[in-house]
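Asker:
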Amino acid sequence: MFNDPQFFQTIGYTLAMAGGYIVGKIFKLSTEICLFIAALVGALVAGSGLDVFRHFAEGSVTYFDIGLIFIFATLFMNILKESGAMDLIVRWIIRAFGNKKVFFLILLMIVMLIPGALTGAGSISVLVVGGTVSAALSAMGLKKERVAAIVFIVAGLSAAAPPINVWAMMTCAGTAVPYVGFTMPLLVPILILGLFTVLFLGWKGKISNIEEALKTIPEPKGLSVWSVAIPFIVLVALLSLPRIFPFDFPLLGLPLSFALSALVAWIMNYKRVKVFRVMADTVAQLTPLIATTTVVGMFVQVMSFNGTKGLFSLWIVTAPMALLYIILPFVIPISEGLLTYGGVAVLGIPLIWMFNARGINTVIALSGLTLLWPLGDGLPPTKLIGRLTVDTVGYTGSYGKFLKECIVPWIAITVVGILMVAFSNQLSFLMG
Amino acid sequence: MKWSKWIILAILLLFLLAGGIPLFIQRNYKETLVMADGVTRVLRLSDFFEPLKGTMGDTNIYEFQGKDPGGKVLILAGTHESEVSAMVTAFMFVENLQVQAGTVYVVPHYNYSGSLGSQPGGGFPLYYTIPTPWGEKKFRLGDRGLQALDQWPDPDVYVHYPDGQLLSYIDARNTNRTWPGKPNGTLGEKVAYAAMEMIRNEKIDIVIDLHEAEAMFPVTNCIVAPEKSKSYAIGAALYVKGREKFESHVEPSPSNFRGLSHREVGDFSDALVFLLEAPCVHLDQISGPKTNDLMIVGKDPFINVAAEKGLLFVPIDDRGWTIERRVGQQSSVIQEIVNQFNKKNPARAILFTAPKHAEVVEKRMGAFFKDPDKAPKSRIAYE
Amino acid sequence: MKKIVFLIAILGILVALPVFGKTVLGFPVVMTSAGQSDEINTVIYLADEVGLKYDYCDILSLAEFKAGVGLAGAKNAPGKHVAYFSAEPKGTQFKTFLIAIGASLKGMGASGLSVDDEVNRIKALIAYAKESGMKILGMAIGGEIRRGLPGSLNEIMIDIVAEHCDVIVVTSDTNMDKRFTNIAKEKNIEFVEVESAFDLLEAIPALFGL
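Protein chains in written order, with my numbering: chain C, -13 to 418; chain G, 12 to 394; chain V, 869 to 1078.
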């Protein structure tokens, strides 16, 4: 069965790509360059010839939009940070809710969940509110790595939360399953897991003395409430108006929405913000991330071109169901860590078809699996959201220590996700 | 700037050119076809909706008007430009159709923009070729959706007009999610609106939207039909199975999934609509290297393994899902749907002849394409 | 030439006779689905095509069945499809009860029926048909996808219908495991197997003497 020459050939390509990656690492090149070498080797051994350039050009734009969104969302937040607006907000939150811990944690969780739920991107939650939330959590005396873990896990949940779950939507688009009936199967486990995460990780923190806590955060002088509020109002308006008036509001897209909000933020604070420096800093801050998404796009393109993507998909869908329950908790996050959204195409689409062929409720099972994908955004080599999180939180310690903090909620999320696959038919009442 | 930076910049530019030029050439490549004598006019989609003029959404419509009066059928190919047999069927029709009664309209690239570039991340070739007695016939391999160059930016979520159903942002550029269209909407919505205008104004009786679907996809090898087209589809499925010995079953068009031709065209016009899915393997996530053979010969060892595991929705055998079998199936099912229509609506009967399944399989695909070098200039058309 | 045509015709009839059976089913005819799968629509298509007159309701109730031709004025409603073409006067008792066998959860859901509802409905209809001396014609033409493991919906529908039939009509892909052949042999039921539903365009007129 697995004895056709094509199997040996594609296994050979896989080994060649892995070899390219390892050689790069031996020469201590960056992960992005290593992935690039792997892709180059994978294309050339499969006989692409000069077409390799075209494959790279095509693959490099796969995540073009995501890169643009990152740049403008970060620019928006950096302008506000520079103006002191973030400090103002954190001081307000601490003063208002500092002595009601459970309520305080739940509030922070909800604040974190909303931007990602509406845009489908955990990165937006991290970039837009992550800074504020982490400052508030730090004020509770929590260690930076723990704060980063809370921000990362809740941001991941926010990305999976309804109404917009990009993994589910991409799978639906690829399988022509309507994106219908996902609201409750996603919302219920996400709220439970979100509560568990903030309470478990945040329980030890408390604000013993509000005035003491406030002292640690600089008070921005002469900053009016409006110069903080208006940019956010503009952003919320630009994100929600297309949803409220979908057929009349011009289609701006997320990058332009954030760009306009950033412009407003600068106009409101033009005296406090040296905008060109902030722009240059933002691009410098995001260059590694953009490089990752670009190279991953090329890498996915080559994997598809030479058949290694097909081989991996095939292995997953032909694995016995019992084995899948054991390997999916690893394979899904790792695929996301390696390929970001590319992992959905490699695994999600064939998995849904395989579930369908085996009589598993695809909506519930897919909802469960999409809880696992965001976890992979913290894993190397790309660690897309993980990197954003530690940057935003300002955690400078070892990356491994941050991941270790995530472990309990990570396991909880995995267990819930896999149980949703295993008991999909019993849970179908959630679809209403 | 230091000289090392200049070198890096130069290498980058070289990369951009080496990668970009093939894409630029593909976007401007013209497919040649030799129109059958029966082509009475070549219309443009913008003839039915002016604002489409000059955009990449505008496309050719080949009209075959029979001598005798009768009904009208519109055949759409290239809604998804990666679903190869749809376009090849349309090309074969434009080159071979003979219409006696009624009118047949053929649109080879309904999603013209989508035909101008391949799918980022897909790893496919830029062209596919079919061997013919006079050489290779070359086609552009497009993408499922409109090109980002022609419709951008994407929304964070696509809200279907007019239903309001939320769909993936990817589907904003999917011309089989933009039906029934919107006159002041996105390019994809305008294309659908123009087609709806044509269907309504020309009083089209039958609309047939040609597609291909993966072997792992449950809705494959079938005719998708809404309630009002269903009995015609059942008849067509019955006859092709009985007479031509191939399977194409009927799938109901779900009422809660919006934006698809088989749903909206019927709901927003008097036309009977059908969506045909021929099985293909090159779009399956589990298929191997993305080569021309994978698309044209339709065989893949990885697919065979999935078939042995019972994961596929079409039978796989040594023949492979060749372009001949797929095009033959599309052609025969189209003809049988029209026959069913004729039986129930004799006053508006549409009579035409086109190659059928067995003939295409036997003579091979290339036999149905004429050599453009030997054809009179007046019969040459470019896509 | 004429002789040859005549000979072929005679031969054809001789060959067809054992295949298409001996029973001639009477009119009026009423049709329903056991399991609400899509095959009932194929049966309707075939009936229309060969000019078979019938009354039809996909979720025919016992009261409608007892009311005879006209089905007590049953009307189309969401999840309920009705048609009357019988030539006989309203209220005439049916002579033939045609059941298309095939289960679809989607179909039953659309008609608002649970599995138990559907099983009880079909059992009651069959009991009444036997009581009043109607002929029962069971058709299973959905192919392999309308078969399953013992105890699955499709098999339950076969369990409750097949053995009560006077005539069973199947396509060979639906009878891939010879289950229908065996039931017919065991219960001495007239049995017609065709290659595909297309062949019913000839088999149905033969059964009804059209």
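All C-beta atoms in this analysis are idealised placements derived from N, C-alpha and C, irrespective of residue type, glycine included.
As the structure is a computational prediction, the values presented were derived from the model and not from experiment.
Which stretch, first to last residue, makes up the alpha helix (DSSP H) that contains phenylalanine 262/C?
Answerer: 261 to 292
Asker: Which residues, in chain order, does the stretch 234 to 252 of chain G contribute to contact with chain V at a C-beta distance below 7 angstroms?
Answerer: Lys241, Ser242, Ile245, Gly246, Leu249, Tyr250, Lys252
Asker: Rounded to a whole number of angstroms, what is the C-alpha to C-alpha distance between aspartate 234/C and lysine 193/G?
Answerer: 11 angstroms
Asker: Let me confirm a value: tryptophan 190/G is counted as buried when at least 16 other C-beta atoms fall within 10 Å, else exposed. Which label applies?
Answerer: The residue is buried, with at least 16 neighbouring Cβ atoms inside 10 Å.
Asker: For aspartate -10/C, which residues in chain G fall below 8 angstroms Cβ to Cβ?
Answerer: Pro312, Asn315
Asker: Within 10 angstroms of its Cβ, does threonine 90/G collect 16 or more other Cβ (buried), or is it exposed?
Answerer: buried
Asker: Using the C-alpha atoms, what's the distance from isoleucine 1024/V back to alanine 331/C?
Answerer: 39 angstroms
Asker: To the nearest angstrom, report how far apart serine 226/C and serine 144/C are at their CA atoms.
Answerer: Those two C-alpha atoms are separated by around 17 angstroms.
Asker: Of all Cβ atoms in chain G, is any one closer than 7 angstroms to the Cβ of cysteine 158/C?
Answerer: Yes - at least one Cβ of chain G is within 7 angstroms of the one on cysteine 158/C.
Asker: Closer than 9 angstroms, Cβ to any Cβ of chain G: which residues of the stretch 889 to 914 of chain V, in chain order?
Answerer: Residues Asp906, Asn909, Thr910, Ile912, Tyr913, Leu914.
Asker: Using 7 angstroms as the threshold, is the C-beta distance between serine 111/C and glycine 117/C below it?
Answerer: In this structure, serine 111/C lies away from glycine 117/C, with their beta-carbon atoms at least 7 angstroms apart.
Asker: With three or more beta-carbon pairs closer than 8 angstroms as the criterion, would you say the stretch 45 to 65 of chain C touches the stretch 198 to 209 of chain C?
Answerer: Verdict: no, contact absent.
Asker: I'd like the list of long-range same chain contacts for glycine 380/C, defined as Cβ closer than 8 angstroms, with 5 residues on each side in sequence excluded.
Answerer: Excluding residues within five positions, the ones whose Cβ falls inside 8 angstroms are Ser120, Lys130.
Asker: Grouping DSSP H, G and I as helix and E and B as strand, with all else coil, what is proline 886/V?
Answerer: With a pLDDT of only 47 at proline 886/V, under 50, the local geometry of the prediction cannot be trusted, and no value is derived from it.
Asker: Evaluate the contact criterion for the stretch 398 to 417 of chain C versus the stretch 344 to 357 of chain C: three or more CB pairs, one atom per stretch, below 8 angstroms.
Answerer: Between the stretch 398 to 417 of chain C and the stretch 344 to 357 of chain C, the count of Cβ pairs shorter than 8 angstroms is three or higher; the stretches touch.
Asker: Using the C-alpha atoms, what's the distance from glutamate 907/V back to glutamate 1063/V?
Answerer: Cα atoms of glutamate 1063/V and glutamate 907/V: separation of roughly 16 angstroms, rounded to the nearest angstrom.
Asker: Hey, out of Ser109/C, Asp(-10)/C, Thr169/C, whose CA is closest to glycine 142/C's CA?
Answerer: The alpha carbon of glycine 142/C has as its nearest neighbour, out of Ser109/C, Asp(-10)/C, Thr169/C, the alpha carbon of Ser109/C.
Asker: Is the stretch 82 to 97 of chain C touching the stretch 214 to 223 of chain C in the sense that three or more CB pairs, one from each, lie closer than 8 angstroms?
Answerer: no
Asker: Checking contacts by CB at 7 angstroms: is phenylalanine 933/V closer than that to chain G?
Answerer: no
Asker: Which residues mark the beginning and the end of the beta strand (DSSP E) in which isoleucine 234/G is found?
Answerer: 233 to 236
Asker: Who are the neighbours of alanine 1065/V on chain G, taking C-beta pairs under 8 angstroms?
Answerer: Leu249, Lys252, Gly253
Asker: How far does the beta strand (DSSP E) with leucine 283/G in it reach, from first residue to last?
Answerer: 283 to 291
Asker: In whole angstroms, what separates the C-alpha of cysteine 158/C from that of aspartate 295/G?
Answerer: Roughly 15 angstroms separates the two Cα atoms.
Asker: Tell me the rounded alpha-carbon separation between isoleucine 276/C and threonine 348/C.
Answerer: 33 angstroms
Asker: Return the CA-CA distance between glutamate 198/C and glycine 191/C, expressed in angstroms with no decimal places.
Answerer: Distance from the CA atom of glutamate 198/C to the CA atom of glycine 191/C, rounded to whole angstroms, is 15 angstroms.
Asker: With a CB to CB cut of under 8 angstroms and the five nearest residues on each side skipped, what residues in its chain are close to proline 886/V?
Answerer: Reliability fails at proline 886/V, whose pLDDT of 47 lies under 50, so the model's placement of it is uncertain and the value that follows must be treated cautiously. Here the set comprises nothing.
Asker: Residues in the same chain with beta-carbon distance under 8 angstroms from valine 27/C, minus the five sequence neighbours each way, listed in chain order, please.
Answerer: Ala2, Met3, Gly5, Gly6
Asker: Considering glutamine -8/C, what are the terminal residues of the alpha helix (DSSP H) in which it resides?
Answerer: -9 to 12
Asker: Could you tell me the alpha carbon to alpha carbon distance between isoleucine 990/V and leucine 981/V, rounded to whole angstroms?
Answerer: Spanning the two alpha carbons is a distance of roughly 12 angstroms.
Asker: Please check if any C-beta of chain G sits within less than 7 angstroms of the C-beta of serine 414/C.
Answerer: At a cut-off of 7 angstroms between beta-carbon atoms, serine 414/C makes no contact with chain G.
Asker: When we look at the beta-carbon of glycine 239/C and count the other beta-carbons within 10 Å, is it buried (16 or more) or exposed?
Answerer: buried
Asker: Got a sec: which bits of the stretch 22 to 33 of chain G sit with their beta carbon under 8 angstroms from any beta carbon on chain C, in order along the chain?
Answerer: Phe26, Leu27, Ala29, Gly30, Gly31, Pro33
Asker: Determine, using beta carbons only, whether isoleucine 334/G comes closer than 7 angstroms to chain C.
Answerer: Chain C contact via Cβ: absent.
Asker: What are the start and end residues of each continuous alpha helix (DSSP H) run of 4 or more residues lying completely inside the stretch 242 to 276 of chain G, in chain order?
Answerer: none
Asker: Taking just the CA atoms, how far does phenylalanine 285/C sit from leucine 21/C?
Answerer: 7 angstroms
Asker: Which word fits alanine 958/V, buried or exposed, when buried means at least 16 other C-beta atoms lie within 10 angstroms of its C-beta?
Answerer: The sequence shown places lysine at residue 958/V, rather than the alanine named in the question. Result: exposed.
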